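Heads up, the thing below is written out as structure tokens.
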């Protein structure tokens, strides 16, 4: 089971490695895995519902790119197509990804739903994906 307690909402930022060391096939597989995780969460509902999870996503290679913030999509039908990111290649600048996924970028008040939900950042790398 991908989500042990899906009855409680969370704010989750996925950080996807899209560097040259990964390859386009692995990026596609990791996106499929993220789709499975999102399908196990309650991402549809209003902001006051404590069971609703919000999802943000960024990719990194030479630099980090925020694809969407926690408050960008509020329905599964909008969120899942947004995961379809392009493989970029390039170097593996994980430091940039960490900076962008920090509280000030993805979790800032203007990009974020509520300070009452648990928040987490998850790095999607081949080693993390293959060990699931």
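Numbering (this note's numbering), first residue to last: 869 to 1000. Just so you know, even glycine gets a beta-carbon here, dropped at the ideal spot from N, CA and C. These figures come from a predicted structure and were not determined experimentally.
Just mark residue 892 as buried or exposed, buried being the case when its beta carbon has 16 or more other beta carbons within 10 Å. Here residue 892 corresponds to residue number 24 of the chain shown, with the count starting at 1. Exposed is the call here.
Relative to the C-alpha of residue 895, which candidate in 913, 910, 929 and 923 has its C-alpha closest? The sequence position of residue 895 within the chain shown is 27, counting from 1. When only C-alpha atoms are compared, the closest one is 929.
Is the separation between the beta-carbon of residue 877 and that of residue 910 shorter than 8 angstroms? For the purposes of this step, residue 877 is taken as the residue at position 9 of the chain shown. For the purposes of this step, residue 910 is taken as the residue at position 42 of the chain shown. Annotated as proximal: residue 877 and residue 910, with beta-carbon spacing under 8 angstroms.
What's the gap between the Cα of residue 918 and the Cα of residue 882? Numbered from its first residue, the chain shown carries residue 918 at position 50. Numbered from its first residue, the chain shown carries residue 882 at position 14. Distance from the CA of residue 918 to the CA of residue 882, rounded to the nearest whole angstrom, comes to 20 angstroms.
Please state whether DSSP places residue 945 in a helix, a strand or coil. On the chain shown, position 77 is the one that residue 945 refers to. Residue state for residue 945 is assigned as helix, using DSSP reduced to three classes.
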